[in-house]
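FYI, in the UniProt record's numbering the residues of the sequence shown are 1 to 202.
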Amino acid sequence: MTLIIGLTGGIASGKTTVANLFQEHFSIDIVDADIIARQVVEVGTPGLSAVIEHFGEDILQDDGQLNRSALRERIFADPIEKQWLNATLHPLINQQMAEQLQLVTSPYGLLVVPLLIENQLQSMVDRVLVVDVDEQTQISRTMARDKVNEQQARAILAAQATRAERLAMADDVIKNGAKNRQLLPQITELHQKYLAMSGTNR
């Protein structure tokens with residue numbers, strides 16, 4: 001079985017940037033939970049059918065695609081609805097992640113899951129790699145990227161695991177703070193480590 005590294009981190013920590021560097025520089029295969037989460041509710045999927053049946057047709061855009069912002073509003077306003085959505089879609093997402101991990105051909109693979117710790121998916125990976133930044137950096141990046149105010153950014157952070165909780169679960173850490181955004185040297189070092197662990201020297 002291929003060595004699988006679970007890549008996680010809080011919002012705006014730089015997970016996608018890190019994953020892309022692993023792929024661009026070392027041709028490491030990536031399985032991305034966010035991409036899969038979108039795929040399981042595409043037009044014609046059982047996932048989208050279940051969402052329509054539960055929330056009604058007004059959860060759709062005019063072209064039949066899921067209206068993500070409308071869905072987000074509904075589940076943020078009602079924890080029970082959020083619970084229903086997670087219970088419905090997470091098994092579909094997890095199944096797809098498992099299937100895609102079987103197709104990894106690089107010496108090791110990256111499973112990128114923003115809520116790896118929160119959803120207790122550590123059993124799907126051999127090691128947990130956390131992209132770590134301080135909370136103030138997360139807040140300012142989230143405000144700039146997602147065009148939200150500070151209160152909204154803090155609410156998103158509050159819904160995730162704390163920095164301490166994430167670091168407590170980490171086997172490896174990449175620092176991506178404002179002062180030390182030298183990512184490639186850290187990634188190169190981890191790449192060599194993971195190659196050694198996977199028994200590959202290329």
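From the three backbone atoms N, C-alpha and C, an ideal C-beta is built for every residue, glycine too.
Original post:
With burial defined as no fewer than 16 other Cβ atoms inside 10 Å of the residue's Cβ, what is the status of N149: buried or exposed?
Top reply: Numbered from its first residue, the sequence shown carries residue 149 at position 149. That one is exposed.
Subject >> Three-state secondary structure assigned by DSSP to L195 >> reply: The sequence position of residue 195 within the sequence shown is 195, counting from 1. Three-state DSSP puts L195 in a helix.
**OP:** Determine, using beta-carbon pairs with one atom in the region 74-85 and one in the region 110-125, whether at least three such pairs fall under 8 angstroms.
**Re:** no
Subject >> Close beta carbons around L111, own chain, < 6 angstroms, minus the five adjacent residues each side >> reply: What you label residue 111 is simply residue 111 of the sequence shown in a count that begins at 1. Short of 6 angstroms from the beta carbon of L111, and not among the five residues preceding or following it, lie these beta carbons of its own chain, in chain order: I4, G6, V31, V125.
Original post:
Can you list, in chain order, the residues of its chain whose CB lies under 7 angstroms from that of L135, leaving out five sequence neighbours each side?
Top reply: Along the sequence shown, read from residue 1 onward, the residue named residue 135 stands at position 135. One detail in the question is off: residue 135 reads as Glu in this sequence, not Leu. These residues qualify, in order along the chain: L157, R163.
Subject >> Minimum C-alpha distance to H25 - residue among S198, H191, D62 >> reply: Counting from one through the sequence shown, the residue named residue 25 turns up at place 25. The option with the nearest alpha carbon to H25 is H191.
**OP:** Grab me the residues of E42's own chain with a C-beta within less than 6 angstroms of its C-beta, minus the 5 sequence neighbours each way, in chain order.
**Re:** On the sequence shown, residue 42 is found 42 positions in, with the first residue counted as 1. Contacts found: none.
Original post:
Is the region 33-53 touching the region 84-103, taking contact as three or more C-beta pairs under 8 angstroms?
Top reply: yes
Original post:
CB D171 to CB V128, shorter than 8 angstroms?
Top reply: For the purposes of this step, residue 171 is identified with residue 171 of the sequence shown, where counting begins at 1. For the purposes of this step, residue 128 is identified with residue 128 of the sequence shown, where counting begins at 1. Cβ atoms of D171 and V128: closer than 8 angstroms.
**OP:** With a floor of 3 residues, list each beta strand (DSSP E) that falls wholly inside the region 3-44, ordered by position along the chain.
**Re:** 3-8, 29-32
Original post:
Going by C-alpha distance, which of I187, R74, L21, A161 is nearest G9?
Top reply: In the sequence shown, the residue the question calls residue 9 occupies position 9. Residue A161 is the option with its Cα nearest to G9.
Subject >> For G64, the three-state DSSP class (helix, strand or coil) >> reply: Counting from one through the sequence shown, the residue named residue 64 turns up at place 64. Coil, per DSSP.
Original post:
From R74 to H54, what distance separates their C-alpha atoms?
Top reply: Position 74 of the sequence shown holds residue 74. Position 54 of the sequence shown holds residue 54. Cα-Cα distance, rounded: 12 angstroms.
Original post:
Of all the alpha helix (DSSP H) runs that stay within the bounds of the region 134-166, which reach a length of 4 or more residues?
Top reply: 135-146, 150-158
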